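Student: A single structure is presented below for examination.
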Amino acid sequence: TSTRSRRPSASSSTFSASAYGRRSSIIPETGKYSSFRTRSPSPSLSISSYRSKFAEKELPKANDDDDDNDYHPRSGSCLYKIICGEYLSSLKWQEGFFNRQHNRCYCNECYPMSFHDTYETGGSTYVIPRGWCRFGLHVDQVRAKIDKIWDEWIITYHGTSSIAAQSIVAHRQFLIPGDKCIDGSRIHIRPGHIKDKHEIYTSPTIAYSSHPCYCSIQKFRSKITNKLYNARIALQCRQKPGTFKVQSETIGAGHKKICPFIPNDQVEILTTTRAAIVSYGVLIQLTEAQSTDY
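Numbering (our numbering), first residue to last: 1202 to 1495.
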């Protein structure tokens, strides 16, 4: 079964920065998602010129038989998607990584609150990454067909830094503490995490994977809006059932519910089987930085 949300009251000119329960994107007292408006673009670079730049690289939508495209009835080139693309371009990743047929935006404009919040896929609950924008990655279709990745593997999320994400995408392999990134730095167990645990952590909900314990925040100033944003990156993945362990949260949430759709005792997935996780999308979330964040 699927869960529906109420229609948003905000106008279509706003774009949401929501990500189920994340700080600065949800109002704890009311449970309502917050949103913010963008200023007019700077004279040096108009919205229309940026829209054209990204539209030139866009390809028609792919068939719905090879990933979760059928879960997204529409996804245009909204302002939020364009600014997320601007941030991704600033990272200077290789163009060859991306399959733009599978770009999807999950802001309130492109994916209204009246659309489903969850779907069942691979025998598990897939929680839509509301407030994020996905940039599709190329996946080995021969392997995908042989391993039945699109039919049987569950959808999970992996929050990380931009450098670690680039290494994962470039090498098509997830990193475990002790591994080296492409810049020569080593992956370390972050402060607050259990020591000597050399495993890969994912989650069935972006609300957990985007927690600061996993998902680093990077400052980014848009040339379009001339605003400063907090940028987060996560990878959207397919993960093979039977190769991982599901456990309770380890971020100290206690009785505070992390995600409306996944219980706290089922939000963390861990594995040591690298080949059992395939990333097929880079997810980006931008939230307007507050004066206290500068």
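From the three backbone atoms N, C-alpha and C, an ideal C-beta is built for every residue, glycine too. The structure displayed is predicted, hence computed values, not measured ones.
Quick check on DSSP: helix, strand or coil for L1280?
Tutor: To locate residue 1280, count along the sequence shown from 1; it is residue 79. Helix, per DSSP.
Student: Looking at the strands, I want to know which residues DSSP matches up with C1438.
Tutor: The count along the sequence shown starts at 1 and reaches residue 1438 at position 237. Answer is T1357 and S1480, bridged to C1438.
Student: Alpha carbon to alpha carbon, how far is Q1486 from V1328?
Tutor: Within the sequence shown, the letter at position 285 stands for residue 1486. Within the sequence shown, the letter at position 127 stands for residue 1328. Between Q1486 and V1328, the C-alpha separation is close to 16 Å.
Student: Report buried or exposed for S1480, applying the criterion of at least 16 other Cβ atoms within 10 angstroms of its Cβ.
Tutor: Here residue 1480 corresponds to residue number 279 of the sequence shown, with the count starting at 1. So S1480 counts as buried.
Student: Which residue comes first and which comes last in the alpha helix (DSSP H) that contains Q1367?
Tutor: Against the sequence shown, residue 1367 aligns to sequence position 166. Start and end: S1363 to H1372.
Student: For K1428 and W1351, I'd like the C-alpha separation in whole angstroms.
Tutor: Indexing the sequence shown from 1 puts residue 1428 at position 227. Indexing the sequence shown from 1 puts residue 1351 at position 150. K1428 and W1351: Cα-Cα distance of roughly 38 Å.
Student: Can you give, in chain order, each stretch of the alpha helix (DSSP H) that sits fully within the segment 1298-1364 and has at least 4 residues?
Tutor: Counting whole runs of 4 or more residues, the segment 1298-1364 contains the alpha helix (DSSP H) stretches 1342-1347 and 1350-1353.
Student: Any idea if H1303 is buried or exposed, counting beta-carbon neighbours within 10 angstroms, 16 or more meaning buried?
Tutor: In the sequence shown, residue 1303 corresponds to position 102, counting from 1. The residue in question, H1303, is buried, as its Cβ has 16 or more Cβ neighbours within 10 Å.
Student: DSSP on E1489, reduced to helix/strand/coil?
Tutor: Position 288 of the sequence shown holds residue 1489. In this structure, E1489 counts as strand in the three-state DSSP scheme.
Student: Assuming Q1440 contacts T1403 under a Cβ cut-off of 8 Å, what Cβ separation, rounded to an integer in Å, is found between them?
Tutor: Taking the first residue of the sequence shown as 1, we reach residue 1440 at position 239. Taking the first residue of the sequence shown as 1, we reach residue 1403 at position 202. Their Cβ separation, rounded to whole angstroms, is 6 Å, which keeps Q1440 and T1403 in contact under 8 Å.
Student: When the Cα atoms are used, what is the spatial distance from P1461 to Y1312?
Tutor: As a first step, residue 1461 is located in the sequence shown; it is residue number 260 there, counting from the start. As a first step, residue 1312 is located in the sequence shown; it is residue number 111 there, counting from the start. Using only the alpha carbons, I get a separation of about 18 Å.
Student: If you draw a straight line from the C-alpha of D1285 to the C-alpha of Q1437, how long is it?
Tutor: Translated into positions along the sequence shown, residue 1285 becomes position 84. Translated into positions along the sequence shown, residue 1437 becomes position 236. Asp is not the amino acid found at residue 1285; the sequence shown has Cys there. Looking at the two C-alpha atoms, the distance is approximately 16 Å.
Student: Under the three-state reduction of DSSP, which class applies to S1411: helix, strand or coil?
Tutor: Position 210 of the sequence shown, counted from the first residue, corresponds to residue 1411. In this structure, S1411 counts as coil in the three-state DSSP scheme.
Student: Which partner residues of A1432 appear in the DSSP bridge assignment?
Tutor: For the purposes of this step, residue 1432 is identified with residue 231 of the sequence shown, where counting begins at 1. A1432 is bridged to Q1419 and L1487.
Student: From E1450 to C1416, what does the alpha carbon distance come to, in whole angstroms?
Tutor: Counting from one through the sequence shown, the residue named residue 1450 turns up at place 249. Counting from one through the sequence shown, the residue named residue 1416 turns up at place 215. When rounded, the distance between both Cα atoms is 15 Å.
Student: Start and end of the beta strand (DSSP E) containing T1451?
Tutor: Your numbering for residue 1451 matches position 250 in the sequence shown. Looking at the DSSP string, T1451 is not in any beta strand (DSSP E), and its letter there is neither H nor E.
Student: So what's E1469 in DSSP terms, helix, strand or just coil?
Tutor: Reading the sequence shown from its first residue, position 268 is the one you call residue 1469. Here E1469 sits in strand by DSSP.
Student: Residue range of the beta strand (DSSP E) that T1403 falls in?
Tutor: Within the sequence shown, the letter at position 202 stands for residue 1403. T1403 -> beta strand (DSSP E) spans I1401 to T1403.
Student: Closest to F1298 by C-alpha separation, out of V1370, G1385 and L1292, would be which residue?
Tutor: Looking up residue 1298 in the sequence shown gives position 97. Of the listed residues, the one whose Cα sits closest to F1298 is V1370.
Student: Quick one, are the C-beta atoms of T1357 and I1470 less than 8 Å apart?
Tutor: Within the sequence shown, residue 1357 is the residue found at index 156, counting from 1. Within the sequence shown, residue 1470 is the residue found at index 269, counting from 1. For T1357 and I1470, yes; Cβs fall inside 8 Å.
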